[in-house]
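Worksheet: the structure to be examined is printed underneath.
Numbering (our numbering), first residue to last: 917 to 1124.
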């Protein structure tokens, strides 16, 4: 499988046609659709197809992305793209990591999730605020073939949250070299520097 190199060589190319985004997160689907614009793909979300969300039982971002992509491809009969991403905070031992969405509770309230991260950091004396986002992409075909790619962006955490753009933990994440949080950066600009943008550049170079 691909993903270990900045210049991955995919075994299989992605042909134009319908592509399922294996997500029910509308913000994530919107970002992914923008990144795929102009590639000859008709993007449809798992939510639009009424596909169930599989239980994320993997222990890594790549494993969770792959199981979501495989499930969507199996149920839809179409090529499916899944993204598993999250915030990793150094002082918290990499948490929330693969559990990033689940830190918001059953309703995935990211306001609650961001407050929980801040609460845990505040309980640690002189805790460093270094953090990074990871994005793993898995592209699965109905016959079981999978390609995967992984991107990353480093930064620091701010409090209180700033900005109403993006989604998830974006309002508390300030990428290195910037004074704005992801919540304050326009989507197109964010895609140029984000973990998701990094993973997508790898994917585009490999499968198109």
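Every residue, glycine too, gets a C-beta built ideally from N, C-alpha and C.
From the options, residue whose alpha carbon lies closest to that of residue i
i            : options                : result
residue 1071 : 1082, 1084, 1096, 1065 : 1096
residue 966  : 1027, 992, 1124        : 992
residue 983  : 1061, 944, 1034, 1030  : 1061
residue 1112 : 1094, 1069, 1079       : 1069
residue 1116 : 1048, 939, 1028, 997   : 997
residue 1073 : 1051, 1059, 1053, 1045 : 1045
residue 1048 : 1057, 1017, 1011, 1059 : 1011
residue 973  : 990, 1093, 1015        : 1015
residue 1026 : 987, 952, 941          : 941
residue 1084 : 1039, 1120, 1035, 1023 : 1023
residue 1079 : 1101, 1121, 1094       : 1101
residue 943  : 1075, 1017, 1122       : 1017
For residue i, three-class secondary structure by DSSP
i            : result
residue 917  : In this prediction, residue 917 has a pLDDT of 46, which is less than 50 and means its spatial position is unreliable; what the coordinates show is noted afterwards. Coil.
residue 1088 : helix
residue 992  : helix
residue 1020 : helix
residue 965  : coil
residue 1040 : coil
residue 953  : coil
residue 938  : coil
residue 1096 : coil
residue 1006 : helix
residue 947  : helix
residue 972  : coil
Host beta strand (DSSP E) of residue i (start-end)
i            : result
residue 1048 : 1046-1056
residue 1065 : 1062-1073
Own chain residues within Cβ distance below 6 Å of residue i, not counting five before or after
i            : result
residue 1082 : 1098, 1099
residue 995  : 935, 1057
residue 948  : 937
residue 1013 : 1002, 1004
residue 987  : 970
Closer than 8 Å: residue i CB and nearest the ligand FAD heavy atom
i            : result
residue 1114 : What this structure holds is no ligand at all, so the ligand FAD is not there to describe.
Cut-off 8 Å between Cβ atoms - residues of its own chain near residue i, not counting five sequence neighbours on either side
i            : result
residue 950  : 1103, 1104, 1107
residue 1043 : 1007, 1037
residue 1051 : 977, 999, 1000, 1001, 1066, 1067, 1068, 1110, 1111, 1112, 1114, 1115
residue 985  : 938, 996, 997, 998, 1054, 1055, 1056, 1062
Contacts around residue i, its chain only, beta-carbon distance under 7 Å, and the 5 residues preceding and following it disregarded
i            : result
residue 1077 : 1030, 1087, 1088, 1099
residue 1109 : 1069, 1091
residue 956  : 932
residue 981  : 998, 999, 1000, 1052, 1053, 1054, 1064
Endpoints, alpha helix (DSSP H) assigned at residue i
i            : result
residue 928  : Looking at the DSSP string, residue 928 is not in any alpha helix (DSSP H), and its letter there is neither H nor E.
residue 1107 : 1103-1109
Check your understanding: Between the region 929-940 and the region 956-963, are three or more C-beta pairs nearer than 8 Å?
Key -> Enough Cβ pairs lie closer than 8 Å, so yes.
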